[in-house]
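Residue numbers (our numbering): 105 to 264. Since the structure comes first, as structure tokens, the remarks are kept for the end.
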Amino acid sequence: MRPRVYVETTIPSYLTAWPSRDLLRAAHQQVTREWWDRRAAFDLYISPQVLVECEAGDPDAAAERLAAVAGLPLLDQTADVVALAEALVREVPIPPKAAADAVHIATAAVHGMQYLLTWNCTHIANAILRPRIEAACRATGCEPPLICTPQELPPPEDES
């Protein structure tokens with residue numbers, strides 16, 4: 105059975121963006137492309153929130169982001185997802201202006217994803233917030249996903 109990975113919006117964004125002149129961002133883009141080339145080792149999922157965010161901005165760039173995630177299974181935004189997202193905003197706390205980040209975490213946790221893949225290190229892959237995120241997930245009976253960047257996501261055991 106392949107590992108289940110929730111793909112947060114920063115992944116298709118980095119994957120399809122024009123090459124950055126910023127060295128760190130350019131490195132993240134390259135790591136993302138390399139990880140994307142081995143994505144078949146994982147079962148990938150997205151949410152309606154990913155689609156909303158991919159649709160935003162420049163129409164040509166949006167079309168490329170949407171094409172990258174086309175065909176990936178869509179996880180429902182259930183009442184449990186909404187409740188956990190609200191708890192993450194309240195308890196972690198994730199700022200209300202970043203409530204969409206809480207929705208990504210909640211979607212991955214409620215749907216039993218093993219991993220949440222992101223480059224958002226402000227509110228999602230944040231070492232300071234991680235224990236509080238995990239506690240909020242467990243308080244609602246959900247096992248939190250391992251939140252990581254493409255650089256950190258290990259290959260499945262049969263590939264290492």
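Backbone N, C-alpha and C define an ideal beta-carbon position, used for all residues, glycine too. Bear in mind that the values here come from a model prediction, so they are computed numbers and not experimental data.
How is residue 180 classed by DSSP in three states: helix, strand or coil? The residue given as residue 180 occupies position 76 in the sequence shown. In the structure shown, residue 180 sits in coil (DSSP, three-state: anything other than H, G, I, E or B).
Give the single residue among 200, 119 and 182 whose Cα lies nearest to the Cα of residue 215. Working through the sequence shown from its first residue, we reach residue 215 at position 111. Among 200, 119 and 182, the Cα nearest to that of residue 215 is on 182.
If we ignore side chains and look at the alpha-carbon of each, how far apart do residue 150 and residue 235 end up? Residue 150 sits at position 46 when you count from the first residue of the sequence shown. Residue 235 sits at position 131 when you count from the first residue of the sequence shown. Roughly 24 Å between the two C-alpha positions.
Report the option in 245, 225 and 213 whose CA atom is closest to the CA atom of residue 45. Past the boundaries of the shown model lies residue 45; the chain is included only from 105 to 264, so the question cannot be answered.
Quick one: residues in its chain with C-beta nearer than 6 Å to the C-beta of residue 172, no 5 flanking neighbours on either side, listed in chain order? Here residue 172 is taken as the residue at index 68 of the sequence shown, counted from 1. The answer, listed in chain order, is 116, 119 and 120.
With residue 252 as the anchor, note down where its beta strand (DSSP E) starts and where it stops. For this step, residue 252 is matched to residue 148 along the sequence shown. Under the DSSP assignment, residue 252 falls in the beta strand (DSSP E) whose first and last residues are 250 to 252.
Compare the Cα-Cα distances from residue 140 to each of 240, 222, 243 and 238 and report the closest residue. Residue numbering aside, residue 140 sits at position 36 when the sequence shown is read from its first letter. It is 222 whose Cα lies nearest to the Cα of residue 140.
Going by beta carbon distance, what residues of the same chain come within less than 7 Å of residue 169, once the five residues before and after it are set aside? Residue numbering aside, residue 169 sits at position 65 when the sequence shown is read from its first letter. Closer than 7 Å at Cβ, skipping near neighbours: 116, 117, 120 and 158.
Environment of residue 205 [buried if 16+ CB atoms lie within 10 Å]: Locating residue 205 in the sequence shown gives position 101, where the first residue counts as 1. Residue 205 should be labelled buried.
Where does the unbroken beta strand (DSSP E) through residue 205 begin, and where does it stop? Against the sequence shown, residue 205 aligns to sequence position 101. Here residue 205 belongs to no beta strand (DSSP E); instead the alpha helix (DSSP H) covers 203 to 214.
Going by CA-CA distance only, name the one from 129, 250, 185 and 259 that's closest to residue 244. Numbered from 1 along the sequence shown, position 140 holds the residue referred to as residue 244. Cα-wise, what sits closest to residue 244 is 185.
Take every Cβ of the stretch 128 to 142, pair it with every Cβ of the stretch 158 to 167, and state whether three or more of those distances are shorter than 8 Å. no
Less than 6 Å between C-beta atoms, sequence neighbours within five positions excluded: which residues of the same chain meet that for residue 108? As a first step, residue 108 must be located in the sequence shown, where it is residue number 4. Within the same chain, residue 108 has close Cβ partners 147, 217 and 218.
Less than 8 Å between the beta carbons of residue 240 and residue 195, yes or no? Numbered from its first residue, the sequence shown carries residue 240 at position 136. Numbered from its first residue, the sequence shown carries residue 195 at position 91. Going by C-beta atoms, residue 240 is nearer than 8 Å to residue 195.
Taking Cβ positions, are residue 242 and residue 249 nearer each other than 8 Å? Taking the first residue of the sequence shown as 1, we reach residue 242 at position 138. Taking the first residue of the sequence shown as 1, we reach residue 249 at position 145. Not closer than 8 Å, so no.
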